[in-house]
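In the working numbering, the protein residues as written are 10 to 255. Glycine included, each C-beta is placed from N, C-alpha and C at the ideal position. Quick caveat, the model's predicted, so the values are computed rather than measured.
Shown next as structure tokens:
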């Protein structure tokens, strides 16, 4: 069982249906704030995943959560949430344990940086304990208007596209092919201002992305497939992560 306490916040693995329901309620609050107050953000993948809760140790309040789907290797990637939206046959040949991360959210009133730090510490412990070699998932931009994020997408095109052998192909019915459609050079400052915080974290670890974004009207997001090869994380970044996890 995963457990990590740093200062005011503690991460732990969900212990039973009540914990999972609490995570689903927080996800609903973050992803669908206008929905019915009693509604939950739930899907069939919840039953297959490990759920991590981050709580305020002073109040016991749930301030963040995410879920993980451990897979034995690339041959199982078709079981993932991401495989609904991306054609991932290139990654089917990835040899080694892989881990899908999803539904990452932080309560709007919580200090995001502090909560995120504890979440990454807990995740680092899990990755080290299981020998995970690739983390992946869908990194989301708020809304479905790609024009708001042209600089961010141009930066992803120029600096962070997946290696050709791993590159996800188009599967979803509605996508924005930013790698082929955008011709502009990115404004670096504007790109970083509009890049989702979680995706920025992945990129600092050497993460790479698909060459297109999926338009997800149901979730009101644009998302890119994102992968982080553990062996390629810069040594200085690894030291920082392990310091938090220690």
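Check for me: the beta strand (DSSP E) holding residue 22 runs from which residue to which? 18–22
Local Cβ density within 10 Å of residue 68, reported as buried at 16 or more and exposed below that: exposed
Any idea if residue 189 is buried or exposed, counting beta-carbon neighbours within 10 angstroms, 16 or more meaning buried? exposed
Is it buried or exposed, residue 245, if we count other Cβ atoms within 10 angstroms and call 16 or more buried? exposed
So, does the segment 236–243 touch the segment 188–207, judging by three or more C-beta pairs under 8 Å? no
Between residue 143 and residue 107, how many whole angstroms is the CB-CB distance? I'm expecting something under 8 Å. 4 Å
Between the Cα of residue 158 and those of 113, 221 and 42, spot the shortest distance and give me the residue it belongs to. 221
Where do the N-terminal and C-terminal ends of the beta strand (DSSP E) with residue 154 fall, by residue? That residue, residue 154, is in no beta strand (DSSP E); it is neither H nor E in DSSP.
Out of curiosity, what's the CA-to-CA distance linking residue 52 and residue 110? 15 Å
So, with DSSP's three-state summary, where would you put residue 15? strand
What are the uninterrupted segments assigned as alpha helix (DSSP H) that are 4 or more residues long and contained completely in the segment 128–212, given in chain order? 159–168, 187–190 and 197–203
Can you round the beta-carbon distance between residue 134 and residue 11 to whole angstroms, since I take them to be within the 8 Å contact cut? 6 Å
Per DSSP, what kind of secondary structure is residue 42 in: helix, strand or coil? coil
Relative to the C-alpha of residue 217, which residue among 166, 72 and 187 is closest? 166
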